[in-house]
Amino acid sequence: MHILIPTDLSSNALNAALFALELYGAEGNTFTLLHCYAMPRHGESILWNIDDLMRKNSEEDLSEFVTSLRAKLPGMRHRLEMKSERGYLPEVISVYKNRPNAPDLVVMGTQGATGIEHVLMGTNTADVIKRGGMPVLAVPAQAVFKLPKHIILTDDSDPVDPATTRVLLDIVKSTGAMVIVLRMINEDVHVGPEEPSVCSFEAVLSAVAHAHVYMDGEDLAGVLDDQIRRSDAEMLAVVHRERGWVEGLFHRSAAARLAMHTHVPMLVLQQPVLQ
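Counting from 9, one number per residue, gives the positions in the sequence shown under my numbering.
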């Protein structure tokens, strides 16, 4: 598996990188650490080649970052690659998606004490989720790694391509986690043994342990907030569609509610538009 780990060289980014290395381990995986640098506006430097200088500085900073990473995991045998790229992160990641050996997953740290609130608003992480086209694991600053035993997966009842869930299933199979499928219902939806509700994920989850939870209410963030507490979940998984139910998570009020659980990483699966 190829995991891309963008870094701004911060402690949050270091925490996310450590989380990725511990979650996936060394065997059969490649981790690419990516640092992006942006050129000054045209005209700010005309006498010397600032691009070469910025690339050199980026490479040196990235090397120091890897040294810090190795110090946190003594004896690590992970295959690490370092890349310094000119440009803004969302655009660079979009390019990586179309390269040979494209990443299977992007792992990023969230910014600041507000954790998931920053994932869901106008940050690099949000831009990568919305525009990068690849699955993203957003790791809050306060996250402490432990193997997930309970993963909440939101179900909006719309069709899901089995390929969309591959990253989630890899995590579930390697950790033995229970998937808790959370379905929002309203008074017009009947759920009972004589008329079971259709689950978008039933076929793809058939080989792993999973359970269903049905909750009502219009406040998606509030429902997730409650279910994270009830199930003691270590990870939240959502499907990002071009337009859909989960888009409500990207509003400020919803993000503020989720920010209460800054220790819970969020896996965002990308569902292309089905024809």
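Backbone N, C-alpha and C fix where the C-beta goes; we use that ideal spot for every residue, glycine too. Given the structure is predicted, the values throughout are model-derived calculations rather than measurements.
#1: State the beta-bridge partners of Gln-278 as determined by DSSP.
#2: How is Ser-18 classed by DSSP in three states: helix, strand or coil?
#3: Considering only residues of the same chain and omitting the five flanking positions on each side of Ala-241, which have a CB-CB separation below 6 Å?
#4: Check Ala-241 in the structure and name its three-state DSSP category.
#5: Between the C-alpha atoms of Ala-245 and Arg-87, what's the straight-line distance to the nearest angstrom?
#6: Going by beta-carbon coordinates alone, are Glu-89 and Thr-40 separated by less than 8 Å?
#7: Mind checking Pro-111: buried by the 16 CB within 10 Å criterion, or exposed?
#8: Under three-state DSSP, which class holds Ala-219?
#9: Can you tell me whether Val-189 is helix, strand or coil according to DSSP?
#10: Around the Cβ of Asp-163, are there at least 16 other Cβ atoms within 10 angstroms (buried) or fewer (exposed)?
#11: Closest to Ala-217 by C-alpha separation, out of Ile-193, Leu-176, Ala-151, Gln-150, would be which residue?
#12: Do you know whose CA, among Asp-233, Leu-232, Pro-14, lies nearest Gly-117's CA?
#13: Tell me Thr-40's beta-bridge partners as DSSP assigns them.
#14: Using the Cα positions of Leu-190 and Val-136, report the straight-line distance between them to the nearest angstrom.
#15: Measure the Cβ-Cβ separation of Leu-42 and Ser-76 and say whether it is below 8 Å.
#16: List the DSSP bridge partners of Ile-160.
#17: Between Ala-219 and Ile-188, which are expected to be in contact by the criterion C-beta below 8 Å, what is the C-beta distance as a whole number of angstroms?
#18: State the start and end residues of the unbroken beta strand (DSSP E) segment that holds Val-136.
#19: Report buried or exposed for Ser-71, applying the criterion of at least 16 other Cβ atoms within 10 angstroms of its Cβ.
#20: Assuming Met-243 contacts Val-231 (C-beta within less than 8 Å), just tell me the rounded distance between them.
The relevant details are as follows:
#1: His-248
#2: coil
#3: His-158, Ile-160
#4: In the structure shown, Ala-241 falls within a coil segment according to DSSP collapsed to helix, strand and coil.
#5: 26 Å
#6: yes
#7: buried
#8: DSSP places Ala-219 in strand when its eight states are reduced to three.
#9: strand
#10: buried
#11: Checking every option, the nearest Cα to that of Ala-217 belongs to Leu-176.
#12: Pro-14
#13: Paired residues: Leu-12, Glu-89.
#14: Computed Cα separation, rounded: 25 Å.
#15: no
#16: Ile-188, Leu-244
#17: 6 Å
#18: Not the beta strand (DSSP E): Val-136 falls in the alpha helix (DSSP H), residues 132-139.
#19: By the 10 Å Cβ count, Ser-71 comes out exposed.
#20: Wrong, their Cβ atoms sit about 17 Å apart, outside the cutoff.
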